[in-house]
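Undergrad: Here the sequence shown stands for residues 13 to 186, numbered as in our numbering.
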Amino acid sequence: MRRIAHMRPAAATLLLALASCSPAPAGTNDQAANTAQAAAVGDAPYDASLPMPELMTHVVQYSADGIWDRQGYVIDATGEHSLFPKNDEEWEKAESAARTLAEVTNTLLVPGRRIPEPEWDRAVASVRKLAAEAAAAAEKHDKQAFFHVGEKLDAACDECHKRYDPNFDPRYQH
């Protein structure tokens with residue numbers, strides 16, 4: 013299967029209303045309060061002060077783009093151009109982006125960010141699993157598998173956005 017376009021999920025809104033879906037506990041915008049809260053429950057300190065829209069844009073979306081930016085084809089006046097990695101170094105960058113995305117899903121489960129719903133946990137787990145599959149495909153330099161998992165990742169992101177972002181518009185693709 014060949015795709016003639018560059019795929020990305022709807023990213024403009026990026027769960028802008030998420031904070032209203034899951035209000036952060038008092039003090040979560042203060043690093044000291046987060047540290048005290050974590051220490052009070054016996055956990056290692058964490059900082060969840062970055063607002064969810066910023067986290068989604070600058071961390072989660074950034075990592076996902078490291079996958080999607082390396083998939084598909086672009087057609088312009090000079091012809092068709094593959095976006096897939098062309099050498100070991102580029103495949104390594106694709107794998108790193110996928111592994112980063114898998115790891116940053118953990119930040120969506122940090123107290124103060126996690127939406128206490130089984131659907132949220134399943135959505136996060138789905139993105140993590142797909143990111144790990146993308147990393148494995150990149151490690152093998154398997155364009156077809158890498159592309160296919162990118163499509164599944166796009167769909168998983170869109171489904172989560174539909175549920176948790178009331179401003180989500182599936183027509184927006186850039």
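We put the CB at the ideal spot given by N, CA and C, even for glycine.
1) Would you call the segment 102 to 117 and the segment 65 to 85 in contact, with 3 or more CB pairs under 8 angstroms?
2) Taking just the CA atoms, how far does L121 sit from A135?
3) Nearest-angstrom Cα distance between P97 and Q83?
4) Is S108 near the ligand NAP, with its Cβ less than 7 angstroms from a heavy atom?
5) Report the option in A150, R175, R126, N179 whose CA atom is closest to the CA atom of E101.
6) For a test of the three-state rule: what should DSSP assign to D177, helix, strand or coil?
7) Quick check: the Cα distance between T40 and P63, rounded to an integer number of angstroms?
8) Do the segment 75 to 91 and the segment 124 to 138 meet, that is, are 3 or more Cβ pairs less than 8 angstroms apart?
9) Output needed for V139: all residues of its chain with C-beta closer than 6 angstroms, excluding positions within five of it in sequence on either side, in chain order.
10) Under the DSSP definition of a beta bridge, which residues are partnered with G91?
11) Which residue wins for smallest C-alpha separation from S75, given the options A157, D177, G91, A144?
12) Run through DSSP, which three-state label would R140 get?
13) Buried or exposed for G91, please, with buried defined as at least 16 other CB atoms from any protein chain shown within 10 angstroms of its CB.
14) What are the start and end residues of the alpha helix (DSSP H) that includes R111?
TA: For this structure:
1) yes
2) 11 angstroms
3) 8 angstroms
4) Judged by which ligands are present, the structure shown has none, so any question about the ligand NAP falls away.
5) A150
6) coil
7) Interpretation of T40 is limited by its pLDDT of 42, a score under 50 that renders its predicted location unreliable; the figure taken from the coordinates is listed afterwards. Rounded to the nearest angstrom, the two C-alpha atoms are 10 angstroms apart.
8) no
9) T117, A168
10) D88
11) A144
12) helix
13) exposed
14) 100 to 116
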